[in-house]
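A.B. asks: Please see the structure below; I have some questions.
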Amino acid sequence: MDLDVLATPGHLVSLAARGFARLSEARLKPLGFGLGHLPVLVALREGRASTQRDLARFAKVEQPPMAQMLARMERDGLIQRSPDPDDGRSSRIVLKEAALARMPEAVVALLQGNREALEGFTAAETQQLVGLLTRLIANLDRLANEQPSRRP
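In structure tokens, the structure reads:
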């Protein structure tokens with residue numbers, strides 16, 4: 113049986129993710145944020161993480177890209193680093209007032225983009241989609257954790 117790889121869930125989810133990313137980037141850029149900033153902003157605002165290592169774990173990215181993003185965010189005046197009193201090798205990261213002040217507008221812009229992207233979906237369909245995607249992500253995380261490392 114020939115399966116159309118362009119009609120597979122993986123490909124379609126990838127297209128949807130890229131579409132959401134383009135839409136979100138366009139709406140966040142005027143506010144001085146990037147899409148990759150979101151997990152960091154949320155984690156810092158909610159007190160879920162305050163170190164680079166914890167932020168990388170929360171955002172599910174490796175340490176080097178997180179370090180680069182934090183350097184850009186610090187340069188752009190979004191975050192501030194200070195020495196960690198409990199660990200001299202680490203820094204505590206906090207949001208600066210400028211980032212906190214713009215976050216509500218960013219959330220509104222993102223939620224509006226989601227509403228527009230889901231135009232024509234019923235509330236039940238939207239809830240079902242969120243549930244299905246949440247399960248899909250959990251399955252993918254589980255599979256990734258089960259895979260033996262392919263690093264040399």
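Add 112 to a position in the sequence shown, counting from 1, and you land on the number used in this note's numbering.
For each residue, glycine too, the CB sits at the ideal point set by N, CA and C.
All values reported here derive from a predicted model rather than from experimental measurement.
Can you give the beta carbon distance from residue 154 to residue 167, rounded, assuming they're within the 8 Å contact cut?
C.D. replies: In fact, because the Cβ distance is near 10 Å, the residues do not count as touching under 8 Å.
A.B. asks: Mind reading off the beta-carbon distance from residue 150 to residue 164? Whole number of angstroms is fine, and I expect it under 8 Å.
C.D. replies: In fact, because the Cβ distance is near 17 Å, the residues do not count as touching under 8 Å.
A.B. asks: I'd like the span of the alpha helix (DSSP H) that includes residue 175, first residue to last.
C.D. replies: Residues 175-187.
A.B. asks: Let me know if residue 194 comes out buried or exposed under the rule of 16 or more other beta-carbons within 10 Å of its beta-carbon.
C.D. replies: Residue 194 comes out exposed.
A.B. asks: How big is the Cα-Cα spacing for residue 225 and residue 136?
C.D. replies: Whole-angstrom Cα-Cα distance: 7 Å.
A.B. asks: Please classify residue 156: is it buried, with 16 or more other beta-carbons within 10 angstroms of its beta-carbon, or exposed?
C.D. replies: With 16 or more other Cβ atoms within 10 Å, it is buried.
A.B. asks: CA-CA distance, residue 204 and residue 196?
C.D. replies: One C-alpha to the other measures close to 5 Å.
A.B. asks: What residues in its chain sit with their C-beta under 8 Å from that of residue 143, if we drop five residues either side in the sequence?
C.D. replies: Excluding positions up to five away in sequence, the list reads 214, 217, 218 and 221.
A.B. asks: Given a threshold of 16 other Cβ atoms within 10 Å of its Cβ, counted over all protein chains shown, does residue 243 qualify as buried or as exposed?
C.D. replies: Residue 243 comes out exposed.
A.B. asks: Taking C-beta to C-beta, are residue 206 and residue 162 nearer than 9 Å?
C.D. replies: The answer is yes: Cβ separation under 9 Å.
A.B. asks: Do you know whose CA, among 190, 175, 130 and 208, lies nearest residue 202's CA?
C.D. replies: With distances taken between Cα atoms, residue 202 lies closest to 175.
A.B. asks: Classify residue 67 as helix, strand or coil using the three-state DSSP reduction.
C.D. replies: With the chain covering 113 to 264 only, the question about residue 67 has no answer from this structure.
A.B. asks: Rounded to whole angstroms, how far is the Cβ of residue 232 from the Cβ of residue 208, which I believe are closer than 8 Å?
C.D. replies: Rounded, the Cβ-Cβ distance is 40 Å, inconsistent with contact.
A.B. asks: If residue 160 sits next to residue 170, beta carbons under 8 Å apart, how far is it from one beta carbon to the other, in whole angstroms?
C.D. replies: With 8 Å as the limit, residue 160 and residue 170 qualify as a contact, their Cβ atoms being about 6 Å apart.
A.B. asks: Report the three-state DSSP secondary structure of residue 196 (helix, strand or coil).
C.D. replies: Note: residue 196 maps to strand in three-state DSSP.
A.B. asks: Just list the residues that DSSP pairs residue 204 with in beta bridges.
C.D. replies: Answer is 194, bridged to residue 204.
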